[in-house]
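First comes the structure, then the notes that go with it.
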Amino acid sequence: MSRAETKERNRRALLDAAGELVARDGYRARLDEIAERAGLTTGAVYSLFGSKSGLVTALVADRLGPYYEEIARAVPEGADLLGAVDALARHHRRGWEAPGARAVVGLQITLLDMALRDDALGERLAVAVREQDTHLAELLTGRRHGKGTVPAERARRLALALRALFVGLGQGVVLGLAPGADEEHVAAAARALAEGLTTEPATP
Numbered sequence: 018m019s020r021a022e023t024k025e026r027n028r029r030a031l032l033d034a035a036g037e038l039v040a041r042d043g044y045r046a047r048l049d050e051i052a053e054r055a056g057l058t059t060g061a062v063y064s065l066f067g068s069k070s071g072l073v074t075a076l077v078a079d080r081l082g083p084y085y086e087e088i089a090r091a092v093p094e095g096a097d098l099l100g101a102v103d104a105l106a107r108h109h110r111r112g113w114e115a116p117g118a119r120a121v122v123g124l125q126i127t128l129l130d131m132a133l134r135d136d137a138l139g140e141r142l143a144v145a146v147r148e149q150d151t152h153l154a155e156l157l158t159g160r161r162h163g164k165g166t167v168p169a170e171r172a173r174r175l176a177l178a179l180r181a182l183f184v185g186l187g188q189g190v191v192l193g194l195a196p197g198a199d200e201e202h203v204a205a206a207a208r209a210l211a212e213g214l215t216t217e218p219a220t221p
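Going by my numbering, the sequence shown runs without a break in its numbering and finishes at 221.
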């Protein structure tokens, strides 16, 4: 195994171990236990990620990357804005009933708790989430809507609103707090957001 392959293997092992222990222990997750579960030392954590905050931030990016690849595939090629938003909403709603949905919500809540306790970590997590939001905004930019297309700034505002909607409703569905939020309900709410944030004339 080459040096680069060894480094990537160690990185993957630490991310997997961190995912398990952060979900279980939250802010109390210890670097030495994470490293031990990965079969490495704490020195490997500092070498690859710089700190516990760096490891947790990398964990978020690791989980968000595939998520945004999935939602990009969920949108039909050539769909207009409302069609794209409808497809995104239905994709999310189906995911809330998939195996592992409770674990995803548990990790979300744990990361929020960690961010509230550690300002530096909170800032790094916010940057990571904003970077991934950019991908969603890019997916919506230029979509046909009304007599024109959606400009980047409105797509950015819509991406932020959609993330809030999907996170809030997703947690509600998984925790049994939103019993009426079926697929049609979620899709209608997402389309309403899209209409409300793109009421000004779109770019011709």
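Heads up, the beta-carbon is just placed ideally off N, CA and C, and yes, glycines get one too.
Simplified DSSP state of residue i, which is helix, strand or coil
| i | result |
| --- | --- |
| residue 165 | strand |
| residue 53 | helix |
| residue 70 | helix |
| residue 199 | coil |
| residue 219 | Residue placement at residue 219 is flagged as unreliable, the pLDDT there being 48, under the threshold of 50; the coordinate-derived value follows with that caveat. Three-state result, residue 219: coil. |
| residue 97 | coil |
| residue 117 | coil |
| residue 48 | helix |
| residue 193 | coil |
| residue 80 | helix |
| residue 58 | coil |
| residue 184 | helix |
| residue 122 | helix |
| residue 205 | helix |
| residue 92 | coil |
| residue 173 | helix |
| residue 110 | helix |
| residue 132 | helix |
Residue i - containing alpha helix (DSSP H), residue span
| i | result |
| --- | --- |
| residue 39 | 20-42 |
| residue 155 | 136-157 |
Expected contact under 8 Å - CB spacing of residue i and residue j to nearest Å
| i | j | result |
| --- | --- | --- |
| residue 52 | residue 39 | Not confirmed; about 13 Å, so no contact. |
| residue 35 | residue 65 | Wrong, their Cβ atoms sit about 11 Å apart, outside the cutoff. |
| residue 91 | residue 105 | 6 Å |
| residue 162 | residue 98 | 4 Å |
| residue 30 | residue 56 | 6 Å |
| residue 145 | residue 138 | The pair is not a contact, with the Cβ atoms about 10 Å apart (cut-off 8 Å). |
| residue 191 | residue 134 | With 8 Å as the limit, residue 191 and residue 134 do not qualify as a contact, their Cβ atoms being about 23 Å apart. |
| residue 103 | residue 32 | Actually they do not touch by this definition, with Cβ atoms about 33 Å apart. |
Own chain, CB closer than 7 Å to residue i, minus 5 neighbours either side, in chain order
| i | result |
| --- | --- |
| residue 182 | 206, 207 and 210 |
| residue 49 | 59 |
Same chain only: Cβ atoms within 8 Å of residue i, ignoring 5 sequence neighbours per side
| i | result |
| --- | --- |
| residue 16 | In this structure the chain extends from 18 to 221, so residue 16 is not present and cannot be described. |
| residue 54 | 34, 37 and 38 |
| residue 147 | none |
Own chain, CB closer than 6 Å to residue i, minus 5 neighbours either side, in chain order
| i | result |
| --- | --- |
| residue 154 | 172, 173 and 176 |
| residue 200 | 107 and 110 |
| residue 123 | 40 |
| residue 28 | 65 |
| residue 141 | 70 and 74 |
| residue 46 | 38 and 39 |
Contact with chain C by residue i, beta-carbon distance below 8 Å
| i | result |
| --- | --- |
| residue 182 | Looking for chain C here will not work: only one protein chain is present. |
Residue i CB to nearest heavy atom of the ligand SAM below 7 Å
| i | result |
| --- | --- |
| residue 121 | Looking for the ligand SAM in the displayed structure turns up nothing, as the structure carries no ligands at all. |
Quick check: the stretch 196-213 against the stretch 123-134, are there 3 or more CB pairs under 8 Å?
no
Tell me, please, whether the stretch 182-194 touches the stretch 108-122 by the rule of three or more beta-carbon pairs shorter than 8 Å.
yes
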